[in-house]
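Residue numbering for the sequence shown follows this note's numbering, beginning at 248 and increasing consecutively. Here is the structure we will look at, set down as structure tokens.
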Amino acid sequence: MKKFHFTLDTLLNYKDQVLEREKNSLASLNAQKIEAMNLKEALELEMKEAQYDFNYRAQKGISAMEMFIFKEHHNTLRLRIEDAKRSIESLETAVERQLGVVTEASKEVKSLEKLEEKQLEDYNFKAAKADEQFIEEYVNGASVRAAMTESS
């Protein structure tokens, strides 16, 4: 009997490649989201430090120009934090969507793998039957030869 070959092996390999590509895309989106979260945290920390610095200098007395510069810096940081929040929300949506794509691709691969297992079970069953038939024919042939030698 010839060696087992899964009839949809090419499709399974392709679906595996698609799954890996989608997983890599998901990992990339997660990395971007983490990077955006880290940026937001860094900006929030910078804003707290700037506010502390402003309060410290205001107690000692600062000029109107310095106050204006602090206010503008504070506004810029606030806008950058808002941008980072929007970016995080957008990336979270993209991650959710990509997670669905990965789940579907994984299901497709699993179904093909189950089909391969089923085909292998059928192949093994047929191979066992063929071996059993071969042994039976061999035994029958040996008993016929033995009977022929006895009658001679």
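Even glycine gets a Cβ: it sits at the ideal position worked out from N, Cα and C.
CB-CB length for residue i against residue j, believed under 8 angstroms
i	j	result
Met294	Ile335	The pair is not a contact, with the Cβ atoms about 16 angstroms apart (cut-off 8 angstroms).
Lys280	Leu338	4 angstroms
Glu363	Leu259	7 angstroms
Nearest to residue i (by Cα), restricted to the options the options
i	options	result
Ser275	Ile309, Glu329, Thr396 and Glu343	Glu343
Val349	Leu258, Asn271, Leu367 and Phe372	Asn271
Leu286	Asp330, Lys307 and Glu363	Asp330
Lys249	Tyr261, Gln380 and Lys373	Lys373
Ala278	Ala375, Ala341, Ala311 and Tyr299	Ala341
Short Cβ contact (8 angstroms threshold) for residue i with residue j
i	j	result
Leu266	Ala352	yes
Ile316	Leu290	no
His320	Ala297	yes
Glu282	Gln345	no
Glu355	Lys262	yes
Closer than 8 angstroms to chain C by CB, residue i
i	result
Gln279	The chain inventory of the structure shown lacks chain C, comprising one protein chain alone.
Meets three-Cβ-pair contact criterion under 8 angstroms: the segment 358-366 and the segment 248-260
yes
Could I get the ranges of all uninterrupted alpha helix (DSSP H) runs contained in the segment 304-331, with 4 residues as the minimum, in chain order?
none
May I have a chain-ordered list of the alpha helix (DSSP H) segments no shorter than 4 residues that lie completely inside the segment 253-312?
256-307
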